[in-house]
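Single-structure report; data block below.
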Amino acid sequence: MLQSDYELIIQKIQNLTRQIRAIDDRIGALQAEAIGSDIALYFIEQREIDRLLRVQRALQDKWNTAMNELAIYLSLNPARPRTDAS
Numbered sequence: 156m157l158q159s160d161y162e163l164i165i166q167k168i169q170n171l172t173r174q175i176r177a178i179d180d181r182i183g184a185l186q187a188e189a190i191g192s193d194i195a196l197y198f199i200e201q202r203e204i205d206r207l208l209r210v211q212r213a214l215q216d217k218w219n220t221a222m223n224e225l226a227i228y229l230s231l232n233p234a235r236p237r238t239d240a241s
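Counting from 1, position 16 in the sequence shown corresponds to residue 171 in my numbering; the numbering is continuous, with no gaps.
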């Protein structure tokens, strides 16, 4: 049971990391498009960038929480289980 708790936390962290990176890539692409666009399109893209930043901050909060869970788990289980994620 302990190993499955550890693995679930690791999977959660990895999933959140992938989501955050994907949003970061999308924000970068939108910023590049916005720079070369006319002013009306710039404002539309900026609104989407702002929305993505809010989503990214929420995911970052979840990632921070998951990292705290991992730290607590590791402090309570010093001989942590070995997995492929280690």
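Built from N, CA and C at the ideal position, the CB exists for glycine as well.
query: Integer-rounded CB distance, given that Trp218 should sit under 8 Å from Ile182; result: About 16 Å; that fails the 8 Å criterion.
query: Pair within 8 Å by beta-carbon distance, Gln211 and Ile190; result: no
query: Residue span of the alpha helix (DSSP H) that contains Ser192, given as start and end; result: Ser192 -> no alpha helix (DSSP H), and no H or E assigned at all.
query: Alpha-carbon spacing of Met156 relative to Phe198, whole angstroms; result: Annotation note: pLDDT 44 at Met156 (below 50); position unreliable, coordinate value reported separately. Roughly 51 Å separates the two Cα atoms.
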